[in-house]
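J.: Sharing a structure with you now.
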Amino acid sequence: MENKVSAIFEVLNDEQRKAVSCVDGPVLIVAGAGSGKTRVLTSRIAYMLERGIEPQRIMALTFTKKAATEMQERIALMVGSQRARKLVMGTFHSVFVRFLREYADSIGYPSSFTIFDTYDSVSAIKSIIKEMGLDDKVYKPKSVLSRISAAKNNLVTASSYRTNTAALTRDAAAKMQRICDIYTEYAARCRRTGVMDFDDILLNMNILLRDNKEALKSISERFSHILVDEYQDTNFAQYLIIRKLSAASGNICVVGDDSQSIYAFRGARVENILNFKNDFPNLKMFKLELNYRSTRTVVGAANSLIERNPNRIKKKCESASGDDGEKIRLVRAFSETDEALQVASHIITKLTVDKAQYKDFAILYRTNSQSRAIEEALRKRNLPYQIYSGNSFFDRAEVKDTMAYLKLVCNPRDDEAFKRTVNKPARGIGDTSLDALQRAASDMGTSLFKAIYYPEIEKYGIKPAAIAKIRSFCDMINRMAAAEATTDAYDLATSIVNESGIYAFFKSDLHHLDSLLCPHFKGANEFLRFVLHIAEHICHILDNSL
1 MENKVSAIFE
11 VLNDEQRKAV
21 SCVDGPVLIV
31 AGAGSGKTRV
41 LTSRIAYMLE
51 RGIEPQRIMA
61 LTFTKKAATE
71 MQERIALMVG
81 SQRARKLVMG
91 TFHSVFVRFL
101 REYADSIGYP
111 SSFTIFDTYD
121 SVSAIKSIIK
131 EMGLDDKVYK
141 PKSVLSRISA
151 AKNNLVTASS
161 YRTNTAALTR
171 DAAAKMQRIC
181 DIYTEYAARC
191 RRTGVMDFDD
201 ILLNMNILLR
211 DNKEALKSIS
221 ERFSHILVDE
231 YQDTNFAQYL
241 IIRKLSAASG
251 NICVVGDDSQ
261 SIYAFRGARV
271 ENILNFKNDF
281 PNLKMFKLEL
291 NYRSTRTVVG
301 AANSLIERNP
311 NRIKKKCESA
321 SGDDGEKIRL
331 VRAFSETDEA
341 LQVASHIITK
351 LTVDKAQYKD
361 FAILYRTNSQ
371 SRAIEEALRK
381 RNLPYQIYSG
391 NSFFDRAEVK
401 DTMAYLKLVC
411 NPRDDEAFKR
421 TVNKPARGIG
431 DTSLDALQRA
441 ASDMGTSLFK
451 AIYYPEIEKY
461 GIKPAAIAKI
471 RSFCDMINRM
481 AAAEATTDAY
491 DLATSIVNES
501 GIYAFFKSDL
511 HHLDSLLCPH
521 FKGANEFLRF
531 VLHIAEHICH
541 ILDNSL
């Protein structure tokens with residue numbers, strides 16, 4: 001053990017060692033930019049494991065799956081993959097979903113509830129706006145969702161929203177007085193169809209811990225130590241959950257930097273980290289002030305700006321580099337065109353005078369709309385460039401279609417998954433039929449999937465041929481759902497893409513698919529194999545969560 005502990009500490013500086021070795025009680029680690037935050041977090045968990053703390057007793061919460069995966073991989077290198085795999089580590093949402101499935105009955109949901117992504121939520125709200133006869137130029141679906149999201153992050157439910165004077169006043173000022181009605185219908189529809197959106201996960205986790213004392217006791221007693229990454233980005237809902245779950249052990253460690261808090265527009269509250277010492281008066285604080293990433297010039301410039309903020313945790317970052325680096329240039333431009341031309345000219349100067357290479361340059365801009373002027377300036381000077389933007393692979397229509405099929409098999413009540421898949425590939429089911437089915441489902445207070453089997457569904461104006469087609473689709477989903485419990489996840493996913501017609505559809509259009517996915521995949525077959533991998537992964541998660 002001593003050798004392993006020594007190996008953990010030998011790569012750390014003095015302040016990092018202190019932060020890693022202090023594992024009991026409330027701890028605040030203020031980690032300046034480039035100060036080795038991830039190294040400290042992973043080393044701290046590895047040290048705890050070496051001290052004999054069982055991995056399943058440690059919960060580590062992050063904001064991105066990438067951060068959780070990177071941390072788990074680093075920990076595995078230090079203590080072995082077997083122990084690292086047993087850690088309860090992941091994003092707030094992925095970890096809390098496990099508890100919500102376990103206690104789903106307590107909050108009025110099926111354990112097989114599915115989860116809306118942003119696209120699904122916007123689509124559902126768009127349908128509600130249309131059904132209510134509201135103007136979608138006033139009630140823009142994304143804006144409506146943003147207001148509902150803000151309410152949920154502040155633990156304002158649909159019922160309490162109606163009596164929230166501040167929210168209603170803001171809505172009236174924006175001429176969107178019926179936000180409360182949309183929120184009420186959206187919440188009712190989600191519950192009726194066994195669906196949560198991302199904000200519901202945090203809201204319902206708070207409701208579970210508030211109303212079910214047995215669940216609070218059981219969940220909090222499972223963990224002897226809780227760690228939270230990027231604490232400055234937590235919102236009110238996350239803050240309360242962390243406080244409740246850490247109350248039993250008192251061993252809570254949060255890592256963050258108030259100077260890097262930039263997500264207030266998403267509900268993040270920098271007060272959470274600023275007031276941590278008030279929540280835990282006996283805390284121990286460690287400040288990671290040595291920057292390993294930037295030159296002294298950059299760190300000095302950052303310090304000179306940050307120190308002007310009076311409401312901050314005081315710290316003084318220093319560069320570990322002995323290099324001053326280049327001076328920072330502030331360039332004033334008369335227009336976006338002038339700005340872009342200056343950027344292009346500067347690149348040419350560095351290429352010719354300093355013998356720099358194209359790969360040495362990166363251009364950052366605030367909004368996608370600004371890229372046009374920059375691209376034109378680069379083109380005029382024959383400077384090659386590559387834009388890193390656009391939808392992620394998991395946002396591609398082809399992948400989302402496959403995911404929607406999997407969601408529907410696990411939860412046939414998921415209306416958004418139903419609407420996405422019922423006519424993909426095309427089955428001759430039009431919007432008119434689906435609109436009529438939506439009216440029927442609303443009248444009956446049930447899901448689209450269940451409404452189509454209503455004996456008198458024809459009275460809503462759906463033609464017999466359309467009814468037959470939709471029921472045939474639903475019968476296929478029912479067969480797959482029945483096989484879920486006894487079929488291997490990979491085989492089930494394969495069956496879905498084959499029987500649904502997705503595989504045949506893509507295979508018949510290889511040229512289109514090849515050009516669509518280039519250069520990320522070598523042809524449609526590789527893409528389809530990857531879709532199956534995704535399907536297997538999703539099924540595996542759902543199987544383990546039920």
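Per this note's numbering, the very first residue in the sequence shown carries number 1; after that it's consecutive.
All C-beta atoms, glycine included, are put in the ideal place defined by N, C-alpha and C.
1. Between which two residues does the alpha helix (DSSP H) containing residue 497 stretch?
2. Short of 6 angstroms in beta carbon distance, which residues of its chain neighbour residue 306, apart from the five on each side in sequence? Order them along the chain.
3. Looking at residue 456: is its Cβ nearer than 8 angstroms to the Cβ of residue 467?
4. Could you give the C-beta distance for residue 270 and residue 37, rounded to a whole number, given that I count them as a contact under 8 angstroms?
5. Find the nearest neighbour of residue 113 within the set 104, 57, 51, 119, judged by alpha-carbon distance.
6. Can you give the Cα-Cα distance for residue 92 and residue 304, rounded to whole angstroms?
7. How would you write the range of the alpha helix (DSSP H) that residue 20 sits in, first residue to last?
8. Would you kindly work out how many angstroms separate the C-alpha atoms of residue 19 and residue 29, rounded to a whole number?
9. With distance defined between alpha-carbon atoms, name the residue in 477, 312, 301 nearest to residue 328.
10. Are the CB atoms of residue 223 and residue 75 nearer to each other than 8 angstroms?
11. To the nearest angstrom, how far is it from the Cα of residue 519 to the Cα of residue 348?
12. Assuming residue 253 is part of the beta strand (DSSP E), what are its boundary residues?
13. Can you tell me whether residue 301 is helix, strand or coil according to DSSP?
14. Determine the contact status of residue 119 and residue 400, defining contact as a CB-CB distance below 8 angstroms.
15. Once DSSP output is grouped into helix, strand and coil, what is the label at residue 408?
16. Please specify which runs of the alpha helix (DSSP H), each continuous and at least 4 residues long, are wholly inside the region 45-133, giving them in chain order.
17. Among 378, 90, 53, whose alpha-carbon lies nearest the alpha-carbon of residue 229?
18. Label residue 80 either buried or exposed according to how many other C-beta atoms from any shown protein chain fall within 10 Å of its C-beta, with 16 as the threshold for buried.
19. Measuring only the C-alpha atoms, how far is residue 335 from residue 234?
20. Can you say whether residue 257 is buried or exposed, counting buried as having 16 or more other CB atoms within 10 angstroms of its CB?
21. Alpha carbons only, please: which of 125, 220, 386 is nearest the one belonging to residue 147?
22. If you compare alpha carbons, which of 55, 299, 369 is closest to residue 225?
23. Pairing CB atoms from the region 397-414 with CB atoms from the region 470-490, are three or more of them under 8 angstroms?
24. Do residue 236 and residue 153 have their C-beta atoms closer together than 8 angstroms?
25. Please return the same chain residues whose Cβ sits closer than 6 angstroms to the Cβ of residue 272, not counting the five positions on each side in sequence.
26. Since residue 417 and residue 407 are thought to touch, with beta carbons under 8 angstroms apart, how far apart are those beta carbons, to the nearest angstrom?
27. Per DSSP, what kind of secondary structure is residue 196 in: helix, strand or coil?
28. Would you say residue 60 and residue 71 are within 8 angstroms of each other, going by their C-beta atoms?
29. Is it the case that the region 422-437 contacts the region 482-497, given that we only count it when at least three CB pairs across the two stretches are under 8 angstroms?
30. What is the rounded straight-line gap between the Cα of residue 283 and the Cα of residue 252?
31. Kindly indicate which residue of 99, 439, 485 has the alpha-carbon position closest to the one of residue 241.
32. Which first and last residues belong to the beta strand (DSSP E) in which residue 241 is found?
33. Hey, could you find the ends of the beta strand (DSSP E) residue 31 is sitting in?
34. Which of the three DSSP states is assigned to residue 179 in this structure?
35. From 21, 361, 16, pick the residue whose C-alpha is nearest to that of residue 34; which is it?
36. Roughly how many angstroms lie between the CA atoms of residue 11 and residue 357, to the nearest whole one?
T.: Checking against the coordinates, here is how it stands:
1. 489-499
2. 259
3. no
4. About 17 angstroms separates the beta carbon of residue 270 from that of residue 37, a gap too long to meet the 8 angstroms contact definition.
5. 104
6. Those two C-alpha atoms are separated by around 34 angstroms.
7. 14-21
8. 7 angstroms
9. 301
10. no
11. Summary for residue 519: the model assigns pLDDT 42, below 50, so the residue's position carries little reliability, and this model does not support an answer.
12. 252-256
13. helix
14. yes
15. helix
16. 65-79, 81-85, 92-102, 118-131
17. 90
18. exposed
19. Straight-line Cα distance between these residues: approximately 37 angstroms.
20. Buried, because 16 or more other Cβ atoms sit within 10 Å of the Cβ of residue 257.
21. 125
22. 55
23. yes
24. yes
25. 234, 239
26. About 4 angstroms; that satisfies the 8 angstroms criterion.
27. If DSSP states are grouped into helix, strand and coil, residue 196 belongs with the strands.
28. yes
29. no
30. 9 angstroms
31. 99
32. No beta strand (DSSP E) contains residue 241, which is instead part of the alpha helix (DSSP H) from 236-246.
33. 27-31
34. helix
35. Minimum Cα-Cα distance from residue 34 among the listed residues 21, 361, 16 corresponds to 16.
36. 33 angstroms
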